[in-house]
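Residue numbers (UniProt numbering), protein chains in the order written: chain S, 1 to 211; chain X, 1 to 211.
No residue lacks a Cβ here, since even glycine has one placed at the ideal position from N, Cα and C.
This report concerns only the one structure given below.
Protein chains: 2
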Amino acid sequence: MCADKSQAVNLAQDRRKRVILDAARTLFIEKGFEQTSLDMIIARTGGSRRNIYDLFGNKEGLFEAVMKDQLGRILSGTHVPKSAEDGVSIQSQLEAIGTEFLMGLLQPTVLRTLRQFIVAAGERPDLGQQAYAAGPAVLYERLETYFSALVAEGKLDLPDVEVASRALTEMIKGGLELKAMMTGDYEVSTKQIRRQVSKAVLLFLHGALPR
Amino acid sequence: MCADKSQAVNLAQDRRKRVILDAARTLFIEKGFEQTSLDMIIARTGGSRRNIYDLFGNKEGLFEAVMKDQLGRILSGTHVPKSAEDGVSIQSQLEAIGTEFLMGLLQPTVLRTLRQFIVAAGERPDLGQQAYAAGPAVLYERLETYFSALVAEGKLDLPDVEVASRALTEMIKGGLELKAMMTGDYEVSTKQIRRQVSKAVLLFLHGALPR
DNA sequence: CTTTCGTGGTATTTGCCAGTACCGTCTTGC
DNA sequence: GCAAGACGGTACTGGCAAATACCACGAAAG
């Protein structure tokens, strides 16, 4: 009877939600929760405050919705193979994984989002935990299973796969993440990224001791 | 003539400054700039708002003073030798440096301070840049000169000393820093720290490839 | 045509807090 | 012991923004 109508309404609401989320995302990611007022968001979406309160409850609800939405967007990148591909050197594979990962991470939007998660984690621990579990933790795990496969094949020698996966991830980042978040310098050239990744992978594979 | 007096006054002011800084530090580090009101600080120091405005100008001035003060405190730790000590294996030396560094870094106070620097960097880029230059950057440099010495002696084989110093630092941290800042879990056991450091150093020295 | 619901726009309420002003008190140097 | 400046306490002001209430309009249903 009213199925058509309620569906139509839901569709309309979904569109409205998207518009608000998109506008709010830009502001929240750029300026943060405190520095963004609802009026700024409304100024971009048009419409009225009632939209926000009807759809998201309050400002905090909107913020969480935005951040969880961002989580989904960002994590869709970064592939890590389950096992070694034949015919490709491990070095090349690691470089490929690392470059893809680092290019994804060092986008200004991603870094800003990460920053906002850290800021938000102070007031809203759940959100930070969720973000960590869905972000870095997942990457570590994928890399672990990949490494386990390589170790089983005798292609790598890693006494502790967990430590190794974290180590490689971090040495690929090379502190660029922290630097960006502290200095606000979000621009890194792709050339720099490739250089960084290839050197980190070489060091990871061969170690620092002379042969 | 009034040398005594002015000095006495200065001493008194210095004491007052310290009291305010100490009280403000706890609150700023714990709750952050926005969530800390001057009334909270005054409630701990006793005294009146005039102290703060006379001594620090305004709330922001107080915050910056606190953060710079924290910088000084934290950085007084962490020694890195200029060159290799004879009779001690490189592995032991790196483990010693790494453990000291990581134990220093993973104190709740230090992590919270770092978090606040990141938060503050959004509004006050200068402060973040200063903190980065005085913190991580210094550590990297020290490690670089140390590595350069080891390479010159033929004890290490590092094509890029800068990348290597960043890599070791980051793999020693192993993402624990980021995890703490995102999840709010600031407690890491010293046992875990030693384990983490020793495995990271081994991997750094020998690499992942089988011999 | 009218009622009703969803919605845009705006005014109001409420609370918070930085910054300032004012007054009373206490210390300090003469 | 007495001026003068320093300091504690508190009230006041101004501004901002979240949350709510209220009004106006347009579209769909009866």
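Item to complete: Determine, using beta carbons only, whether A131(S) comes closer than 9 Å to chain X.
Response: True, the Cβ-Cβ gap to chain X drops below 9 Å.
Worksheet item: Span of the alpha helix (DSSP H) holding residue 212(X)?
Response: As displayed, chain X neither begins before 1 nor continues past 211, which places residue 212(X) out of reach and without an answer.
Practice prompt. Identify whether R15(S) lies in helix, strand or coil by the three-state DSSP scheme.
Written response: helix
Worksheet item: Can you tell me whether DSSP reads F63(X) as helix, strand or coil?
Response: helix
Discussion item. Against chain X, with Cβ distances strictly below 9 Å, would Y53(S) count as a contact?
Written reply: no
Worksheet item: In chain order, what residues of the same chain have a beta carbon less than 6 Å from the beta carbon of Q196(X), not counting five sequence neighbours either side?
Response: G174
Worksheet item: Terminal residues of the continuous alpha helix (DSSP H) containing E187(S)?
Response: Element bounds for E187(S): n/a, residue is neither H nor E.
Fill in: Buried versus exposed call for A133(X) [16 or more other C-beta atoms within 10 Å across all chains shown]
Its Cβ having fewer than 16 others within 10 Å, A133(X) is exposed.
Worksheet item: Count the other CB atoms within 10 Å of the CB of P165(S); is the residue buried (16 or more) or exposed (fewer)?
Response: The identity of residue 165(S) in the sequence shown is Ser, whereas the question assumes Pro. By the neighbour-count rule (16 or more Cβ atoms within 10 Å), S165(S) is buried.
Worksheet item: Do you know how far the Cα of S148(X) is from the Cα of D157(X)?
Response: 10 Å
Worksheet item: For Y140(X) and chain S, any beta-carbon pair shorter than 9 Å?
Response: yes
Worksheet item: Got a sec? Which residues, its chain only, sit under 8 Å from E187(S) by beta carbon, not counting five neighbours each side?
Response: P108
Worksheet item: Which of the residues in the stretch 165-188 of chain S, read from start to end, lie with their CB under 9 Å from any CB of chain X?
Response: R166, A167, L168, T169, E170, M171, I172, K173, G174, G175, L176, E177, L178, K179, M181, M182, T183, G184, D185
Worksheet item: Using the beta-carbon of each residue, which ones in chain S are nearer than 9 Å to I118(X)?
Response: R115, I118, V119, L178, M181, M182
Worksheet item: Would a check of beta-carbon distances place F204(X) closer than 9 Å to chain S?
Response: yes
Worksheet item: Do you know whose CA, among T26(S), D185(S), E170(S), T190(S), lies nearest R124(X)'s CA?
Response: D185(S)
Discussion item. Here's a check: name, in chain order, each residue in its chain whose Cβ is nearer than 6 Å to the Cβ of L55(X), leaving out the five neighbours to either side.
Written reply: K17
Item to complete: Quick one: list the residues of chain S neighbouring V163(X), beta-carbon separation under 8 Å, in chain order.
Response: Counting only Cβ-Cβ distances below 8 Å, V163(X) has contacts in chain S at G174, Q196, K199, A200, L203, in chain order.
Discussion item. Measuring straight from C-alpha to C-alpha, what distance separates N58(X) and K31(S)?
Written reply: Each residue's alpha carbon lies about 23 Å from the other.
Practice prompt. Please confirm whether L38(S) and R49(S) have their CB atoms less than 9 Å apart.
Written response: yes
Discussion item. At the level of alpha carbons, what is the spacing between I42(S) and E34(X)?
Written reply: Distance between the alpha carbons of I42(S) and E34(X): 24 Å.
Worksheet entry | Short-range partners of chain X found in the stretch 79-113 of chain S, where Cβ spacing is below 7 Å | none
Worksheet item: Which chain X residues sit within Cβ distance under 9 Å of D157(S)?
Response: H206, G207, A208, L209, P210, R211
Worksheet item: Using a Cβ cut-off of 7 Å, which residues of the stretch 16-39 of chain X contact any Cβ in chain S, in chain order?
Response: Under the 7 Å Cβ criterion, the stretch 16-39 of chain X contributes G32, E34.
Fill in: Span separating the alpha-carbon of F101(X) from that of D160(S)
About 22 Å.
Worksheet item: Excluding five sequence neighbours on each side, which residues of the same chain lie with their C-beta closer than 8 Å to the C-beta of A23(X)?
Response: I41, R44, T45
Worksheet entry | Alpha carbon of V110(X) to alpha carbon of E64(X), nearest angstrom | Distance between the alpha carbons of V110(X) and E64(X): 16 Å.
Discussion item. Going by DSSP, what residue range makes up the alpha helix (DSSP H) through L111(S)?
Written reply: 108-123
Discussion item. Quick check: is the beta carbon of G47(S) nearer than 9 Å to any beta carbon in chain X?
Written reply: No, no contact with chain X.
Discussion item. According to DSSP, is F101(X) part of a helix, a strand, or is it coil?
Written reply: helix
Worksheet item: When the cut-off is 9 Å and only beta carbons count, does residue 214(S) lie next to chain X?
Response: Residue coverage of chain S in this structure runs from 1 to 211, which leaves residue 214(S) outside it and unanswerable.
Practice prompt. For the alpha helix (DSSP H) holding D54(X), just list the boundary residues, first then last.
Written response: 49-56
Worksheet item: Distance, Cα to Cα, Q91(S) vs T26(X)?
Response: Their backbone Cα atoms lie some 48 Å apart in a straight line.
Discussion item. On the DSSP letters alone, give me the boundaries of the alpha helix (DSSP H) that S165(X) sits inside.
Written reply: 161-173
Worksheet item: Helix, strand or coil: which one does DSSP assign to A3(S)?
Response: Because the pLDDT of A3(S) is 37, which lies under 50, any placement of that residue in the model is unreliable, and the question is left without a value.
Worksheet item: Is it right to say residue 272(X) is buried, meaning 16 or more other beta carbons lie within 10 angstroms of its own, or is it exposed?
Response: Residue 272(X) is absent from the structure shown; chain X starts at 1 and stops at 211.
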